[in-house]
Amino acid sequence: MRSFVTILQVCVLLSMGILAGTVLGWFAGLSKTLPDINAFEAPEATLVYSSDGVLLGRVFRENRTNVALKDIPKELREATVAIEDKRFYEHSGVDMRGVARAVFANLRGQRMAQGGSTITQQLARNVYLTQRKTIQRKIQEIFLAILIERNFSKDHILELYLNQIFYGSGAFGVQAAAKIYFGKDVHNLDLAECALIAGLPQKPSGYSPHENVDGAVGRRNTVLATMADLGYITDKQKEEAMSEKARIVPRRSGRTAYKAPHFVDYVNKHIKEQYGEDVLYGGGLRVYTTLNWEMQQAAEKALRAQIKAKSKTYRASEGCLIALDPNTGGILAMVGSVDPESHYNRCTQAGRQPGSSFKVFVYSAALAEGWKPSTHLPNTRVSYPGGGGRTWTPRNYDGRYGGSVTMEAAVARSINLPAIYTAKKIGVKNVIKYARLMGIRSPLEPYLPIAIGGIPGVHPIEMASAYCTFANDGLHPEPMSILRITNSRSETQAEFSPDMQQVISKSVSRYMDQMLRSVVTRGTGTGAASITEARGKTGTTNNERDVWFIGYVPKKIVCAVWVGNDNNSSMRGATGGGLCIPVWREFMSKAIPVFDAAKAKAEQAAKKNKPKLTTGQPESAEPSPTTTDSADGDETDTVKLRVCTETGMLATSACPRWRTKTFTRGDQPTELCTVHSGAALEPASQENTSPHDDAASDLEYVTVTVCSQSGMLAGNSCPKIKKKFLLEDVPTQVCNVKHDQMRE
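Laid out in structure tokens, this is it:
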């Protein structure tokens, strides 16, 4: 009998040893699966800023901005400890009292007032483990909590917790919660607001201030009462905080959470291509962009107001605006749609026919071949062979033909036939070559209709980029949107510089600039004349499906405006001058002063930081007066001639209007006007001058009545004002907008 008992004891001891070894082995194996607590990096939102320091958007999968514990109010820290883990500063990761209390409550079938998990356990579960409810995961959680407590201080644990926990409505961490619910940074929260946020993690959806404000306030009051019981606040503070009304800001959903949403999407695309999705959505990047928020607001307002005002008259429903700095290619404003919720960015994704705005590439190619603004071009109808044995007989928009006109007059009045003639002469491939040089990347077909914009489509950002070339003496900048990228610790990750290239000569650029100025002073773009030194080109396609104006002020801002319909339907009677110029003019009137102020500020800062010169030359020294700014050789004498304002040819006695114009010798017109046959004017009026002579005495001024809104000659229904012009700058087109109808 005794031997049997002995054997039994040995078996029991062996079994217990095996069981203990198995359990210890299981625990040892389990411990090896624990993650490295030091390897964790919390995902953090990428922040996108404008050049003037405005936060445009937060890009995230988890909306989180980490903040240091010192920047989190003491009241929020105490409220969190009070409601989530009142023995936080006493336990070593696991609160056995809390576990026992939770188990007892479960056994009694009661609902727990608080869970058995400590703040440290919640941190372990949310940061390092899954949310699966298994025994293995719970044991891992306990192990991790103890490990965390051994390696991190209580303050560090609390800081991690407050930055990681989910607070509902897409907010991870207290900074995101403060912004989403109260529209302020976490350090600006008061006691009542701190208590409300501290109460959310237990049930983020059930206590959501956006979905259940009464439930959120009730939970807040529970937190305040607990804080008072634990001595964190006085009864008076509790009562005052409980009586405070919860001032919850409305939920911002979708793209309206971004300022300048189309631009932010454009920036995000570039970040994703360079760094990948994980970094974009969780890398905590700080992206500093070229966009100016003041200009962006002006652009949005101008485009939406104009489309709304003209939508019934012209059946126009969509449009876009993009503005670039021609000195750098930096995007200053981008409005991809009249609807901020639209994901379709018409500045960068919509390929639309450019109409006459594409003629600049035809004439740039011709000027590079030695043609001049004074070159005479035929304005007669010609039929060209087309596809399928048919012929193509293009026409002018105004239906007027005959004789010849100078290149400058053809550009100013947007006459089609001279442009087609020019493209035929110099070759369509040459036109495409110059379009490519100036930044057009869309498909271009080598057929003659390209001369008047007959192509599948081009993006507005490409057209704005191309016109930067004329605004900057032939230098073409690639569009850029990002200046600098840092991480959340302000360490620079990347910096971006302008990508500039001289694609046409200064002389070609200045000739084009001269002709685009004529568009505004006496051509189809006179509505833009109220903007000082404006240049530009209108564009209107067949059946008025697309209308454009791309204009600029040299060395300042280039702005392209497109208006049309996504279904490509016609806008009856619409033109680039009538629909797009008012948008452009309104935007530029606000943007130019902002640009000038920013430039002056930058110059002042540069002057302040300018290093002392070590060449021995005085800092204020000016360049030698013999130095010229010409890249195309020495300046030559000029000649003044009277030219017909309609044709640009030498004026005759029959020309109804003429103007005195200065030409570089050799570039002046030599033929008399062929449209208005008459005798040549007195030779005495055609006098040689030096380029440095003061010609102020030759200027002639007239006062005319113009429309106060369009700047054109006033029509019957226009609000009228009298305005003084140089004779050569007097507008020639009559405003055809029905202002009375507009007011209705």
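Numbered as in the working numbering, the sequence shown ends at 745 without a single skipped number.
We treat Cβ as the ideally placed atom computed from N, Cα and C, and that holds for glycine.
Given the structure is predicted, the values throughout are model-derived calculations rather than measurements.
Cβ neighbours of residue i in the same chain (closer than 6 Å, five flanking residues each side left out)
i: Ala452; result: Val363, Ala420, Ile421, Ala424
i: Gln307; result: Pro583, Val584
i: Pro379; result: Ser405, Tyr422
i: Asp72; result: His188
i: Leu438; result: Val504
i: Glu479; result: Gly330, Asp500
i: Pro76; result: Per the sequence shown, the amino acid found at residue 76 is Glu instead of Pro. If we look at Glu76 and ignore the five residues flanking it on each side, its Cβ neighbours are Leu192, Cys195.
i: Gly577; result: Thr539, Gly540, Thr541, Val548, Trp549, Phe550
Cut-off 7 Å between Cβ atoms - residues of its own chain near residue i, not counting five sequence neighbours on either side
i: Val429; result: Pro447, Tyr448, Leu449, Ile451
Nearest-angstrom Cβ-Cβ length linking residue i and residue j, presumed shorter than 8 Å
i: Ile505; j: Val554; result: Rounded, the Cβ-Cβ distance is 19 Å, inconsistent with contact.
i: His211; j: Ile249; result: 7 Å
i: Ile147; j: Ile158; result: Their Cβ separation, rounded to whole angstroms, is 12 Å, which puts Ile147 and Ile158 out of contact at 8 Å.
i: Met335; j: Leu292; result: 7 Å
i: Ile166; j: Pro202; result: 5 Å
i: Gln502; j: His477; result: 6 Å
Spatial distance of residue i from residue j (CA atoms)
i: Lys613; j: His188; result: Interpretation of Lys613 is limited by its pLDDT of 49, a score under 50 that renders its predicted location unreliable; the figure taken from the coordinates is listed afterwards. Approximately 43 Å between the Cα atoms of the pair.
i: Gly284; j: Lys270; result: 15 Å
i: Ala217; j: Asn473; result: 58 Å
i: Ala606; j: Phe596; result: 15 Å
i: Ser498; j: Pro327; result: 14 Å
i: Ala324; j: Cys348; result: 10 Å
i: Lys600; j: Ser590; result: 16 Å
i: Ala535; j: Thr646; result: 19 Å
i: Val280; j: Arg59; result: 13 Å
i: Lys155; j: Ala300; result: 51 Å
i: Arg253; j: Gln122; result: 32 Å
i: Ala303; j: Trp563; result: 13 Å
i: Gln111; j: Ala258; result: Since pLDDT at Gln111 reaches only 49, below the 50 mark, its modelled position is unreliable, and no value is offered.
i: Thr527; j: Gly716; result: 14 Å
i: Asn610; j: Lys602; result: 13 Å
i: Pro395; j: Asn544; result: 14 Å
i: Thr616; j: Ala652; result: Residue placement at Thr616 cannot be trusted, given a pLDDT of 36 that sits under 50; what the coordinates show is reported in the next sentence. Roughly 55 Å between the two C-alpha positions.
i: Ile120; j: Glu245; result: 28 Å
i: Asp53; j: Val559; result: 19 Å
Collapsed DSSP secondary structure at residue i in the structure displayed
i: Phe596; result: helix
i: Ala601; result: helix
i: Met296; result: helix
i: Asp638; result: coil
i: Thr81; result: helix
i: His477; result: strand
i: Gln141; result: helix
i: Tyr282; result: helix
i: Pro450; result: helix
i: Cys321; result: strand
i: Ile433; result: helix
i: Glu496; result: strand
i: Ala334; result: strand
i: Pro386; result: strand
i: Ala217; result: helix
i: Val459; result: strand
i: Asp547; result: strand
i: Glu76; result: helix
i: Tyr364; result: helix
i: Met589; result: helix
i: Leu651; result: strand
i: Leu673; result: strand
i: Pro251; result: coil
i: Phe153; result: coil
Neighbourhood of residue i by C-beta, 8 Å cutoff - its chain only, sequence neighbours within 5 removed
i: Asn397; result: Asn380, Ile416, Asn417, Leu418
i: Ser443; result: Gly352, Ile456, Pro457, Gly458, Val459, His460, Glu463
i: Trp393; result: Ser384, Tyr385, Pro386, Gly387, Leu449, Pro450
i: Gln1; result: A query on residue 1 cannot be resolved here, the shown segment of the chain reaching from 2 to 745 and no further.
Contact with chain D by residue i, beta-carbon distance below 8 Å
i: Ser510; result: This model lacks chain D altogether; it includes just one protein chain.
heavy atom of the ligand NAD below 7 Å from residue i C-beta
i: Pro355; result: Among the ligands in the structure shown, none appear at all, so the ligand NAD cannot be discussed.
Point to revise | Cβ pair count under 8 Å reaching 3, the region 356-373 against the region 495-512 | key: yes
Review point. Is there contact here, the region 346-357 with the region 452-471, by at least three beta-carbon pairs under 8 Å?
Key: yes
Check your understanding: So, do the region 521-532 and the region 382-392 have three or more beta carbon pairs nearer to each other than 8 Å?
Key -> no
Practice item. Evaluate the contact criterion for the region 257-268 versus the region 232-249: three or more CB pairs, one atom per stretch, below 8 Å. Key: no
**Study point:** the region 41-61 in contact with the region 285-292 per 3-pair CB rule at 8 Å
**Key:** yes
Check your understanding: When the Cβ atoms of the region 336-346 are set against those of the region 477-493, are three or more pairs found closer than 8 Å?
Key -> no
Practice item. Evaluate the contact criterion for the region 220-227 versus the region 294-301: three or more CB pairs, one atom per stretch, below 8 Å. Key: no
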